[in-house]
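Q:
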DNA sequence: GGGCTGACTAACACAAGCCGAAGTCAGGTA
DNA sequence: TACCTGACTTCGGCTTGTGTTAGTCAGCCC
């Protein structure tokens, strides 16, 4: 059952083969977090993990993978490594979400939501509820005027920055074509 | 600048090391789409691509990678391969989003949104606007009662399914411990 | 019925992700 | 001083993702 779920393209983007989605923000995000382990480490960070061995155990990955991923996430500024000290223990480091990392929460929830609905085995094992009012939380796509929208209700338009990029592209069609 | 962006865990989930997030829906989703090319192929599907060579050109990946990814996405039911025929051409196949694939749209938009805000180079090149009212669309995390929420406002609770899974886990603590 | 074209597949080569096992290192405790 | 532990790093090896280049295959057109 195919369904029409495509976005409409603004006329300025029309010859679709005239521009590439090269500066695409999705690709930009994936350049920072693209691996399964990175997503799962972030999940555990949202669930409150801060220490190296917590990440290793809870994500169930090897230490080398955890170390590599944590280093990357710190380098990209999603996590911050800070020294701390428990009584009677020596100084250690813990990893905490920065604002940049925390801002990925909606994306994580969106992935979780999709899994809840479409995964083969049973439904959602856990749910997020609003601490204040007890209602379940979910990710929704809405316009600023408050309408719930889906892909078919949307138009993809270049922003000011995008337009100037398009112009510079068409003036110097180097490599062009895509 | 670390910030407190962690979710609170329900008491039932309390000894965090007593349960694993093994049946986690985020992991479930990542088992289906985890690679950069899969996400970008879906992006192009939302932008209206349907043909093999469109995906290859617009995602800028090699044909083998495109073929492998498309096959997987079809196998998992996110895309559907259907025969079609242009006048004077022979029968070909095109790939179209199914409801299951279309439902990943919020996740894609969430990734795009994060990139728009945090990517190093310039801001958003393109924006999604509501065709009806012209307002920009965005992904938001809200509870069913309509409050905008962030991670710190939420509690993670097991669902009915999750609770029975937890119980079966604690009765047969096989492998346990994580 | 031979050519052309779109849609692939096949055959490499390479890098990255990941695992397990083992080693290192720092700084606190005994 | 010797030990212990959490936090890593190193090493070897497997698997997956990806790029290049080179076919292959099916049909419509001529």
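Protein chains in written order, with our numbering: chain U, 1 to 178; chain P, 1 to 178.
We put the beta carbon where it would ideally sit given N, CA and C, even for glycine.
The structure presented is a predicted model; accordingly, all values stated were derived computationally and were not measured.
Under 6 angstroms Cβ to Cβ from residue 8(U), same chain only, skipping five residues before and after it: list those, please.
A: What you label residue 8(U) is simply residue 8 of the first chain in a count that begins at 1. Cβ neighbours of residue 8(U) beyond the five flanking positions: 155.
Q: Taking 7 angstroms as the threshold (C-beta atoms), are residue 141(P) and residue 137(U) in contact?
A: Here the question's residue 137(U) lines up with position 137 in the first chain. Here the question's residue 141(P) lines up with position 141 in the second chain. In contact: residue 137(U) and residue 141(P) (Cβ atoms closer than 7 angstroms).
Q: Let's see if you can read the secondary structure: which residues bound the beta strand (DSSP E) around residue 125(P)?
A: Your numbering for residue 125(P) matches position 125 in the second chain. No beta strand (DSSP E) contains residue 125(P), which DSSP labels as neither H nor E.
Q: If you check the beta carbons only, do residue 23(P) and residue 125(U) fall under 7 angstroms apart?
A: Locating residue 23(P) in the second chain gives position 23, counting from the first residue. Locating residue 125(U) in the first chain gives position 125, counting from the first residue. Cβ distance < 7 angstroms, so residue 23(P) and residue 125(U) count as in contact.
Q: Could you give the DSSP three-state label for residue 176(P): helix, strand or coil?
A: Residue numbering aside, residue 176(P) sits at position 176 when the second chain is read from its first letter. Residue placement at residue 176(P) is flagged as unreliable, the pLDDT there being 36, under the threshold of 50; a coordinate-derived value is accordingly withheld.
Q: In chain order, what residues of the same chain have a beta carbon less than 6 angstroms from the beta carbon of residue 74(P), not counting five sequence neighbours either side?
A: Here residue 74(P) refers to the residue found at position 74 when the second chain is read from its first residue. Cβ within range, chain order: 81.
Q: Return no unless some Cβ of chain P is closer than 7 angstroms to the Cβ of residue 160(U).
A: Taking the first residue of the first chain as position 1, residue 160(U) is located at position 160. So, not an interface residue.
Q: Taking CB distances under 7 angstroms as the criterion, tell me whether residue 25(U) reaches chain P.
A: Sequence index remark: in the first chain, residue 25(U) carries index 25 (1-based). True, the Cβ-Cβ gap to chain P drops below 7 angstroms.
Q: Check each residue of the stretch 68-85 of chain P: if its Cβ is closer than 7 angstroms to any Cβ of chain U, include it; give the result in chain order.
A: So the close ones are 80 and 82.
Q: Report, in whole angstroms, the separation of the C-beta atoms of residue 119(U) and residue 28(P), which I expect to be a contact under 8 angstroms.
A: In the first chain, residue 119(U) corresponds to position 119, counting from 1. In the second chain, residue 28(P) corresponds to position 28, counting from 1. With 8 angstroms as the limit, residue 119(U) and residue 28(P) qualify as a contact, their Cβ atoms being about 4 angstroms apart.
Q: With residue 43(P) as the anchor, note down where its alpha helix (DSSP H) starts and where it stops.
A: Here residue 43(P) refers to the residue found at position 43 when the second chain is read from its first residue. Note, residue 43(P): alpha helix (DSSP H), 36-46.
Q: What number of angstroms, rounded off, separates the C-alpha of residue 86(P) from the C-alpha of residue 6(P)?
A: In the second chain, residue 86(P) corresponds to position 86, counting from 1. In the second chain, residue 6(P) corresponds to position 6, counting from 1. Each residue's alpha carbon lies about 53 angstroms from the other.
Q: Got a sec: is the Cβ-Cβ distance from residue 165(U) to anything in chain P below 7 angstroms?
A: To locate residue 165(U), count along the first chain from 1; it is residue 165. Closer than 7 angstroms to some Cβ of chain P, the Cβ of residue 165(U) qualifies, so yes.
Q: Are the C-beta of residue 12(U) and some C-beta of chain P separated by less than 7 angstroms?
A: Stepping through the first chain from its first residue, residue 12(U) is reached at position 12. Chain P contact via Cβ: absent.
Q: What's the call for residue 37(U), buried or exposed, on a 16-neighbour Cβ count within 10 Å?
A: Counted from its first residue, the first chain places residue 37(U) at position 37. Per the 10 Å Cβ criterion, buried.
Q: Quick one: what's got a C-beta closer than 8 angstroms to residue 30(P)'s C-beta in the same chain, skipping five residues either side?
A: The residue given as residue 30(P) occupies position 30 in the second chain. Cβ within range, chain order: n/a, list empty.
Q: Kindly identify the DSSP beta-bridge partner or partners of residue 138(U).
A: Residue mapping note: residue 138(U) aligns to position 138 of the first chain, counting from 1. DSSP, once it has assigned bridges, lists 142(P) as partnering residue 138(U).
Q: Here's the rule: buried if 16 or more other CB atoms are within 10 angstroms of the residue's CB, otherwise exposed. What is residue 50(U)?
A: By one-based count along the first chain, residue 50(U) stands at place 50. Buried, since its Cβ has 16 or more Cβ neighbours within 10 Å.
Q: Along the alpha helix (DSSP H) that carries residue 75(U), what are the first and last residues, could you check?
A: On the first chain, position 75 is the one that residue 75(U) refers to. Start and end: 63-75.
Q: Contact criterion: CB-CB distance below 7 angstroms. Does residue 157(U) meet it with respect to chain P?
A: On the first chain, position 157 is the one that residue 157(U) refers to. Answer yes: the Cβ-Cβ gap between residue 157(U) and chain P drops below 7 angstroms somewhere.
Q: With 7 angstroms set as the bound, which would you pick, yes or no: does the beta-carbon of residue 144(P) sit closer than that to a beta-carbon of chain U?
A: Sequence index remark: in the second chain, residue 144(P) carries index 144 (1-based). So yes, residue 144(P) belongs to the interface.
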